[in-house]
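J.: Quick note on the numbering used here: the sequence shown kicks off at 27 and runs consecutively.
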Amino acid sequence: MSTKPNSIASRDVAYCLHPYTNARAHEDKGPLIITHGKGVEVFDDRGKAYIEAMAGLWSTSLGFSEDRLAEVANKQMRELPFYHNFGHKASIPGIELSERILAMAPVPMSKVFFANSGSEANDTAVKLVWYYNNAIGLPKKKKIISRFKGYHGVTIASASMTGLPTNHGDFDLPIANFLHTSCPHYWRFGKDDESEEDFATRMAQDLEDMILAEGPDTIAAFIAEPVMGAGGVIVPPATYWDKIQTVLKKYDVLLIADEVICGFGRTGNAFGSETFGMMPDIISVAKALSSSYLPISAIMISDKLYQGIANNSAKNGVLGHGFTYSGHPVCAAVALETLKIYEERDLFAHAADVGGYLQAGLSQFKDHPLVGEVRGVGLIAAVELIRDKATKANFDPIGKVGSYLNDRATEEGLIIRNMGDSIAFCPPLIITRDEIDHILTRFSAALNKTL
Ligand code: PLP
Numbered sequence: 027m028s029t030k031p032n033s034i035a036s037r038d039v040a041y042c043l044h045p046y047t048n049a050r051a052h053e054d055k056g057p058l059i060i061t062h063g064k065g066v067e068v069f070d071d072r073g074k075a076y077i078e079a080m081a082g083l084w085s086t087s088l089g090f091s092e093d094r095l096a097e098v099a100n101k102q103m104r105e106l107p108f109y110h111n112f113g114h115k116a117s118i119p120g121i122e123l124s125e126r127i128l129a130m131a132p133v134p135m136s137k138v139f140f141a142n143s144g145s146e147a148n149d150t151a152v153k154l155v156w157y158y159n160n161a162i163g164l165p166k167k168k169k170i171i172s173r174f175k176g177y178h179g180v181t182i183a184s185a186s187m188t189g190l191p192t193n194h195g196d197f198d199l200p201i202a203n204f205l206h207t208s209c210p211h212y213w214r215f216g217k218d219d220e221s222e223e224d225f226a227t228r229m230a231q232d233l234e235d236m237i238l239a240e241g242p243d244t245i246a247a248f249i250a251e252p253v254m255g256a257g258g259v260i261v262p263p264a265t266y267w268d269k270i271q272t273v274l275k276k277y278d279v280l281l282i283a284d285e286v287i288c289g290f291g292r293t294g295n296a297f298g299s300e301t302f303g304m305m306p307d308i309i310s311v312a313k314a315l316s317s318s319y320l321p322i323s324a325i326m327i328s329d330k331l332y333q334g335i336a337n338n339s340a341k342n343g344v345l346g347h348g349f350t351y352s353g354h355p356v357c358a359a360v361a362l363e364t365l366k367i368y369e370e371r372d373l374f375a376h377a378a379d380v381g382g383y384l385q386a387g388l389s390q391f392k393d394h395p396l397v398g399e400v401r402g403v404g405l406i407a408a409v410e411l412i413r414d415k416a417t418k419a420n421f422d423p424i425g426k427v428g429s430y431l432n433d434r435a436t437e438e439g440l441i442i443r444n445m446g447d448s449i450a451f452c453p454p455l456i457i458t459r460d461e462i463d464h465i466l467t468r469f470s471a472a473l474n475k476t477l
């Protein structure tokens, strides 16, 4: 980092507390300052180019220079820069966006509620489930089950649902009524001689055991990402979702699909729910909804939920939930344009196509001495580093080698992300085969420097 007292890097260290960053290490290491982007690349303040193989935070699906989004934002800002949705008010972009998202939904959905982030969307999902169960006379049915290694955000409820120790320790989380069941990572948690199918059966059994131990009349919902992202890109076994949904149906437990990463093409279909045969009652979306050019998130709810909530109007009057920026017209206009671009350019099919190319390319690293598993689906993947291939033993401490590799990749002009020792790839949907080749070459160089 530049140590000049008034450099932009020094000012960052002096004034900014960074999310998901080791505060003390940042004082020495300083920031990587990104100043602009073009296509799938971003550039730092010294002009060095990086392929953004994480699409920012699993999110800028259209890359970093989609003019149409800038134009639409500009037009909307001049026309109506802000309006809200409270008390029967509405603006046109929010209405059109709701209509369009519902038309894309993988299962019939009835209404859209807007928020600003994935965390807020998931908090909203929980609150509406609680509200609904009170409305239909099931006030005891409030507990939410998520999974170890799941990621659902950082607000108090969504961080409670997140199943990662970093999000709990010293934050005094999870709060009561948030439970975590097993993580469906066969390679890591499957027992010796256990088939993938048997492993999936065991995962469903773990869920059922938890529901029975807690009392089915206390369990409101199960929330899950179709493919776990921040937990290390974990693709469940083929029969996992079928078995899990059988249990949920048996005990009348709602399913919330957290599509914040998987939604809008990431797995090669519009939604991860389609890829894995999920039939959710609620779907949360964010990130690729607007290609992250502006913050906007949403949940879709089924008609069953909507009717329960609407019936409560007589008792409660207004639905006492909403954000100032719910359905912000500029964000909604940008999201609407994003969804139009996905369709015009057939980007979900493109993601399926080049996704296959990425997965095949990454699988060449399976035999590398540092690599334990290569996994993924569509345009999301991970390479997990391990100390011992035979025993699958992790490096100690977990994350040190991953973080070293991450830095080597940055030197090579490649932005990836290590979650512990799982290295994630989640490039913009617009990526080409040539650009994927560059990712692979640069990753290979970084991996070899890590040996
Ligand atoms: N859900 C999932 C699956 C996510 O990956 C994320 C963020 O990465 C969130 C929720 C939280 O979204 P946000 O950071 O916008 O609050």
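Every residue gets a Cβ at the ideal spot worked out from N, C-alpha and C, and that includes glycine.
What are the boundary residues of the alpha helix (DSSP H) that GLY144 is part of?
T.: Its alpha helix (DSSP H) spans residues 144–161.
J.: Can you look up ASN420 in the DSSP assignment and give me helix, strand or coil?
T.: Here ASN420 sits in coil by DSSP.
J.: Could you work out which residue in ILE462, ASN474, ALA472 and LEU473 is closest to ILE77 when comparing CA atoms only?
T.: Minimum Cα distance to ILE77 is reached at ILE462.
J.: Taking 9 Å as the threshold (C-beta atoms), are PRO453 and ALA81 in contact?
T.: In contact: ALA81 and PRO453 (Cβ atoms closer than 9 Å).
J.: Just mark LYS366 as buried or exposed, buried being the case when its beta carbon has 16 or more other beta carbons within 10 Å.
T.: With fewer than 16 other Cβ atoms within 10 Å, it is exposed.
J.: Here's the rule I'm using: 16 or more other beta-carbon atoms within 10 Å means buried, otherwise exposed. How should PRO242 be labelled?
T.: Burial call: exposed.
J.: Kindly indicate the opening and closing residues of the beta strand (DSSP E) around GLY402.
T.: Segment 397–403, the beta strand (DSSP E) holding GLY402.
J.: Please report how far the alpha carbon of HIS394 lies from the alpha carbon of VAL66, in whole angstroms.
T.: Cα-Cα distance, rounded: 27 Å.
J.: Using only the alpha-carbon positions, how far apart do LYS418 and GLU234 sit?
T.: Between LYS418 and GLU234, the C-alpha separation is close to 29 Å.
J.: Do you know how far the Cα of LYS313 is from the Cα of ASN48?
T.: Each residue's alpha carbon lies about 24 Å from the other.
J.: Any contact between the segment 317–337 and the segment 263–272? By contact I mean 3 or more CB pairs, one from each, below 8 Å.
T.: Short answer: they don't touch.
J.: Can you tell me which of the three DSSP states GLU220 falls into?
T.: Coil, per DSSP.
J.: For a test of the three-state rule: what should DSSP assign to GLY298, helix, strand or coil?
T.: GLY298: helix per DSSP, three-state reduction.
J.: Does the segment 198–214 come close enough to the segment 172–184 to have 3 or more Cβ pairs within less than 8 Å?
T.: Contact holds: three or more Cβ-Cβ distances are below 8 Å.
J.: How is MET229 classed by DSSP in three states: helix, strand or coil?
T.: Helix at MET229.
J.: Under a Cβ-count criterion, where at least 16 other Cβ atoms within 10 Å of its own Cβ denotes burial, should THR293 be classed as buried or exposed?
T.: Classification of THR293: buried, given that the 10 Å Cβ count is 16 or more.
J.: Measuring only from the beta carbon, is LYS426 closer than 8 Å to any heavy atom that is part of ligand 1?
T.: Checking the Cβ of LYS426 against ligand 1 gives no.
J.: When every heavy atom of ligand 1 is checked, does at least one fall within less than 8 Å of the C-beta of HIS178?
T.: Within the cutoff, so yes.
J.: Should PRO252 and GLU222 be called a contact, given that it needs their Cβ atoms to be closer than 9 Å?
T.: No.
J.: Give a yes or no on contact between the segment 309–325 and the segment 79–99, applying the rule of three or more CB pairs nearer than 8 Å.
T.: Yes, since at least three Cβ pairs between the segment 309–325 and the segment 79–99 fall closer than 8 Å, the two stretches touch.
J.: Verify the contact flag: ALA239, CB atom, against every heavy atom of ligand 1, threshold strictly below 8 Å.
T.: Not under cutoff, so the answer is no.
J.: Does the beta-carbon of VAL311 have 16 or more other beta-carbons within 10 angstroms, so that it is buried, or is it exposed?
T.: VAL311 should be labelled buried.
J.: Examine the Cβ distances between the segment 329–348 and the segment 156–167 and report whether three or more of them are shorter than 8 Å.
T.: As far as the Cβ criterion goes, the segment 329–348 touches the segment 156–167, which means the pair count is three or higher.
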